[in-house]
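Each protein sequence line maps, in turn, to chains A and B.
Residue 377 in the working numbering sits at position 377 of the first sequence; the count goes up by one each step and never skips.
Just so we're on the same page, the working numbering is the position in the second sequence counted from 1, plus 398.
Just so it is clear, CB atoms sit at the ideal spot from N, CA and C, and this is done for glycine as well.
In this text the structure is predicted, and so the values were computed from the model without any measurement.
Notes follow once the structure below has been shown.
Number of protein chains: 2
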Amino acid sequence: MDSLETLGQPGAGTESQTEARMLLSCDRDELAAGVAAVQRAVSSRTTLPILSGVLIETTPEGLRLVGTDLELSVETFIPVSFSVQAAMVLPARYLGEIVRRLPEREVKVAFDGARRVATICSGKAVYDINSMEPAEFPLFPQVEGNVWWKIPGKDLAQSVRQTAFAAATDENRPFLTGVLVAWDGGEVKLVATDTFRLALRKVQADGDGKADESPAVRQMIVPARAFAEVGRIVQGEGDEVEIYASPNQVAFKCRKTTIVSRLIDGQFPNYERVIPRGWKSRMVVDRVRLMDAVERVAVLGKDEFGTVRLGFGGDTVTISANAPEVGTAFEEVGVAGNEGEKGETALRSRYLLDVLRAVDDEELALEATGPVSPVVLKHAGAEAGDYLYLIMPVTVNA
Amino acid sequence: MDSLETLGQPGAGTESQTEARMLLSCDRDELAAGVAAVQRAVSSRTTLPILSGVLIETTPEGLRLVGTDLELSVETFIPVSFSVQAAMVLPARYLGEIVRRLPEREVKVAFDGARRVATICSGKAVYDINSMEPAEFPLFPQVEGNVWWKIPGKDLAQSVRQTAFAAATDENRPFLTGVLVAWDGGEVKLVATDTFRLALRKVQADGDGKADESPAVRQMIVPARAFAEVGRIVQGEGDEVEIYASPNQVAFKCRKTTIVSRLIDGQFPNYERVIPRGWKSRMVVDRVRLMDAVERVAVLGKDEFGTVRLGFGGDTVTISANAPEVGTAFEEVGVAGNEGEKGETALRSRYLLDVLRAVDDEELALEATGPVSPVVLKHAGAEAGDYLYLIMPVTVNA
Chain A
1 MDSLETLGQP GAGTESQTEA RMLLSCDRDE LAAGVAAVQR AVSSRTTLPI
51 LSGVLIETTP EGLRLVGTDL ELSVETFIPV SFSVQAAMVL PARYLGEIVR
101 RLPEREVKVA FDGARRVATI CSGKAVYDIN SMEPAEFPLF PQVEGNVWWK
151 IPGKDLAQSV RQTAFAAATD ENRPFLTGVL VAWDGGEVKL VATDTFRLAL
201 RKVQADGDGK ADESPAVRQM IVPARAFAEV GRIVQGEGDE VEIYASPNQV
251 AFKCRKTTIV SRLIDGQFPN YERVIPRGWK SRMVVDRVRL MDAVERVAVL
301 GKDEFGTVRL GFGGDTVTIS ANAPEVGTAF EEVGVAGNEG EKGETALRSR
351 YLLDVLRAVD DEELALEATG PVSPVVLKHA GAEAGDYLYL IMPVTVNA
Chain B
399 MDSLETLGQP GAGTESQTEA RMLLSCDRDE LAAGVAAVQR AVSSRTTLPI
449 LSGVLIETTP EGLRLVGTDL ELSVETFIPV SFSVQAAMVL PARYLGEIVR
499 RLPEREVKVA FDGARRVATI CSGKAVYDIN SMEPAEFPLF PQVEGNVWWK
549 IPGKDLAQSV RQTAFAAATD ENRPFLTGVL VAWDGGEVKL VATDTFRLAL
599 RKVQADGDGK ADESPAVRQM IVPARAFAEV GRIVQGEGDE VEIYASPNQV
649 AFKCRKTTIV SRLIDGQFPN YERVIPRGWK SRMVVDRVRL MDAVERVAVL
699 GKDEFGTVRL GFGGDTVTIS ANAPEVGTAF EEVGVAGNEG EKGETALRSR
749 YLLDVLRAVD DEELALEATG PVSPVVLKHA GAEAGDYLYL IMPVTVNA
């Protein structure tokens, strides 16, 4: 193979020279989407230099891209035509920045194995990028096991979006930084809690031919950060995502993309005992109106959580706050249905806003049991049992 | 007047009670726009508490709003109907957050002078906000002098946008943190430089009846930050902005809004001597193509300024960079017109991108005089003399 030395020099990016050294050709937008997906697993703060790179490899199934931080690994394939087999590891940060901005749809890549330099060409743009050693790149984790659960990508993305935000962010109790995924008959439950609030989503999993087979794992704790990335990657996918699990890892497989996350070790708390069995007052509210009012009142909310008071049981739900020195806020939002007693509860507005932004219901049911009991939010309609969000009240000085 | 105590309590926000204590009524969107405009002069890091507030005052010309950090002062009037005269100073941060989110267009404000509490009502929302003492609020600066210059708001905004970004941000030489505004016959020049680059914009000021009158000040240095705020406030205004100046202050008057900035003391450098008299190579390039290519190449640009090399004089302008360890980048952008010699210059890409983003020309003329001389960008067409942007080359190790 000729030297690629001249490719980075003025005048070298001409059609004929690029053609002569061409190794592979692919589409910019598919390459950019692939790099963006695997980049989600690449940490910018890694101590192992090889993990800052994306593995790019020509295979019979297409161009294979892999990114990993050893906890989360993403592998995807994009269509490619190639003449010579090759593997390279290019720095994710630079690769992502360059690829999505290339001037033309057609991207050609040449690789000089001796100098370990990849030359990326598109239109009149020529980038020589140094590769790391592909042999040093970690093997992609293999998860053995039955198909455990199948769900359309957009449903999985929604379920994750409605739960993962409620997980703890501090690492004191690692098992709270994950989402519990529990198999229970024909149903899968996703649960996350940081002990101040809890989100529970149920997804029907029967109707899938393989669901009756004994699952390898009956419950697992998936790291919330990794799960959120899974949600983002499969978001637009109507196609089913296949989920496999081993005692230590879980794999999500969707079309050409496989995402593997390690699982969190530990016992998830017995969340069911904090869910109230009934309620003293229940009302149905317009989600957007409630959200707008809470956002405004929270401006005068107490402490860094913007604590506000909710009043139930009248013709309206009232939201009020009191910021020492600044002033007080008071709002009312009309309720569609209203049952039970009057009452008041102090809540951290951030926890309330988190759920109001995460769901897309037009109306939500609010259930309260008293000033020291949690407030529960549910779907207002027939599918009420599918989702539950619970906020612990603030009991001191609120 | 009855106590307003009950207004912040549940059930108090009803139509009849609000009406009874109503002091003034205005439109939410006009109030929000007014607050947003005067808030631009309010510093969040002030040692004088009164300066964190917005003065709100009923006057025969409308509701008067004022914000100031003593360097920049903004006053505006919005339509209002009121029954009792009053003045209050409300915390800008809270006011801005609350007002723009109010549920209904109609906003009513009651003021309890004894307790110094303003009650802002809109729909079912009721906010009691503590006022500071209006008598402590600084007087709005009065600038005496002739109308010095008149220009449509959108032209002023464009002129500021094309120059102010080139001013220095560090305070070592205060006169470089401003934009020179110089009156020269029927023309006004705006000039800003941080010594690494320079932007010069000329605006025709003749045709204005008052322009022949001897201006109070022949040149002044307007702080770039304040000038940028002026540009943002008058942005959408086709109406003319009147500019008055005294030796220490400048006032911009546009419809209902007056903006006063202090001037910077000092001698602006003799910028004309750095502007090359001719060029060795000149070419006309598509602005967006050049911008896209520079953005990509800058990914591999040297140092924190993303230094890149520009090559002139062929059928294309070439842009290249070399990031140690990572790799090299090379791009070409076709040129429409090309005269003169071949040459190469190293530039800080940030300085080049700043101007490519600030102007909206389809094509720009690039002029170079050699590797150690500045590169000059101008309009490509007949109005070439109206704008000049100059970038000093990087001469060491580039």
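Find out if the Cβ-Cβ distance for the pair residue i, residue j is shorter than 8 Å.
i	j	result
D759 (chain B)	R685 (chain B)	yes
A358 (chain A)	Q162 (chain A)	yes
G178 (chain A)	V222 (chain A)	yes
Y351 (chain A)	R197 (chain A)	yes
F330 (chain A)	V524 (chain B)	yes
L353 (chain A)	V294 (chain A)	yes
G314 (chain A)	R348 (chain A)	no
S520 (chain B)	L500 (chain B)	yes
F535 (chain B)	I454 (chain B)	no
V774 (chain B)	V733 (chain B)	no
V241 (chain A)	S73 (chain A)	no
T656 (chain B)	E473 (chain B)	yes
S423 (chain B)	E502 (chain B)	no
A431 (chain B)	G543 (chain B)	no
G584 (chain B)	Q602 (chain B)	yes
R289 (chain A)	V333 (chain A)	yes
A490 (chain B)	G451 (chain B)	yes
A744 (chain B)	P791 (chain B)	yes
Return the CA-CA distance between residue i and residue j, expressed in angstroms with no decimal places.
i	j	result
N429 (chain B)	G340 (chain A)	The sequence given here places Leu at residue 429 (chain B); Asn does not occur at that position. Taking the straight line joining both Cα atoms gives about 40 Å.
P458 (chain B)	F475 (chain B)	10 Å
L90 (chain A)	E761 (chain B)	35 Å
A778 (chain B)	P772 (chain B)	18 Å
A384 (chain A)	E367 (chain A)	12 Å
L310 (chain A)	L554 (chain B)	49 Å
T726 (chain B)	D592 (chain B)	29 Å
S300 (chain A)	R426 (chain B)	It is Leu, not Ser, that sits at residue 300 (chain A) in the sequence shown. Rounded to the nearest angstrom, the two C-alpha atoms are 19 Å apart.
R514 (chain B)	V308 (chain A)	24 Å
T445 (chain B)	D467 (chain B)	10 Å
A566 (chain B)	L574 (chain B)	5 Å
P674 (chain B)	T767 (chain B)	8 Å
F509 (chain B)	A533 (chain B)	16 Å
L598 (chain B)	I641 (chain B)	19 Å
A609 (chain B)	W547 (chain B)	With a pLDDT of only 45 at A609 (chain B), under 50, the local geometry of the prediction cannot be trusted, and the value read off the model is given with reservation. For A609 (chain B) and W547 (chain B), the distance between alpha carbons rounds to 6 Å.
V109 (chain A)	A87 (chain A)	12 Å
N736 (chain B)	V770 (chain B)	21 Å
K654 (chain B)	L356 (chain A)	40 Å
D386 (chain A)	L190 (chain A)	10 Å
A224 (chain A)	F165 (chain A)	8 Å
T119 (chain A)	V724 (chain B)	12 Å
E742 (chain B)	A228 (chain A)	48 Å
A298 (chain A)	A323 (chain A)	10 Å
A780 (chain B)	K678 (chain B)	20 Å
V715 (chain B)	Q665 (chain B)	38 Å
Practice item. Select from the region 81-98 of chain A all residues with a C-beta closer than 8 Å to any C-beta belonging to chain B, and list them in chain order. Key: So the close ones are P91, Y94, E97, I98.
Review point. Counting pairs of beta carbons, one from the region 616-630 of chain B and one from the region 520-538 of chain B, are three or more of them closer than 8 Å?
Key: Judged by Cβ distances under 8 Å, the region 616-630 of chain B makes no contact with the region 520-538 of chain B, as fewer than three pairs qualify.
Point to revise | Residues within the region 733-767 of chain B neighbouring chain A, beta-carbon criterion of under 7 Å | key: Those would be none; no residue qualifies.
Practice item. Answer yes if the region 245-262 of chain A comes into contact with the region 227-235 of chain A, meaning at least three C-beta pairs across the two stretches below 8 Å, and no otherwise. Key: Touching, yes, given that three or more Cβ pairs across the two stretches are closer than 8 Å.
Practice item. Identify every run of the beta strand (DSSP E) within the region 91-159 of chain A, keeping only runs that are complete inside it and at least 3 residues long; order them along the chain. Key: Runs found: 106-112, 117-122, 125-130, 147-152.
Review point. What residues from the region 703-730 of chain B come within 9 Å of chain A, judged by C-beta to C-beta, listed N to C?
Key: Closer than 9 Å at the C-beta level to chain A, one finds these residues of the region 703-730 of chain B: G709, G712, T714, T716, S718, N720, A721, E723, V724, G725, T726, A727, F728, E729, E730.
Practice item. Would you mind listing the beta strand (DSSP E) stretches within the region 663-740 of chain B that are 3+ residues and don't spill past its ends, in chain order? Key: With a minimum length of 3 residues, the continuous beta strand (DSSP E) runs that stay inside the region 663-740 of chain B are 679-684, 705-710, 714-721, 725-738.
Review point. Three or more C-beta pairs closer than 8 Å, one from the region 30-46 of chain A and one from the region 94-110 of chain A: is that the case here?
Key: As far as the Cβ criterion goes, the region 30-46 of chain A touches the region 94-110 of chain A, which means the pair count is three or higher.
**Study point:** Residues from the region 765-792 of chain B in contact with chain A, defined by Cβ distance under 9 Å
**Key:** Those would be none; no residue qualifies.
Check your understanding: Are the region 269-277 of chain A and the region 181-189 of chain A touching, with three or more C-beta to C-beta distances below 8 Å?
Key -> Counting Cβ pairs under 8 Å, fewer than three are found: no touch.
Check your understanding: In the region 128-148 of chain A, which residues sit with their C-beta less than 8 Å from some C-beta in chain B, listed in chain order?
Key -> Closer than 8 Å at the C-beta level to chain B, one finds these residues of the region 128-148 of chain A: D128, I129, N130.
Exercise for review: Determine which residues of the region 272-295 of chain A have a Cβ less than 9 Å from any Cβ of chain B, and write them out in chain order.
Suggested key: Across the region 272-295 of chain A, CB contacts with chain B closer than 9 Å involve R289, D292, A293, E295, in sequence order along the chain.
Exercise for review: Could you list the residues in the region 40-54 of chain A with a C-beta less than 8 Å from some C-beta on chain B, going in chain order?
Suggested key: Those residues of the region 40-54 of chain A that come within reach of chain B (Cβ to Cβ, closer than 8 Å) do not exist; the list is empty.
Review point. Which runs of the alpha helix (DSSP H), 4 residues or longer, sit entirely within the region 181-262 of chain A?
Key: Fully enclosed alpha helix (DSSP H) runs of no fewer than 4 residues occupy 224-234 of the region 181-262 of chain A, in order along the chain.
Exercise for review: Quick one: which residues of the region 100-111 of chain A get their C-beta closer than 9 Å to a C-beta of chain B? List them in chain order.
Suggested key: Those residues of the region 100-111 of chain A that come within reach of chain B (Cβ to Cβ, closer than 9 Å) are R101, L102, P103.
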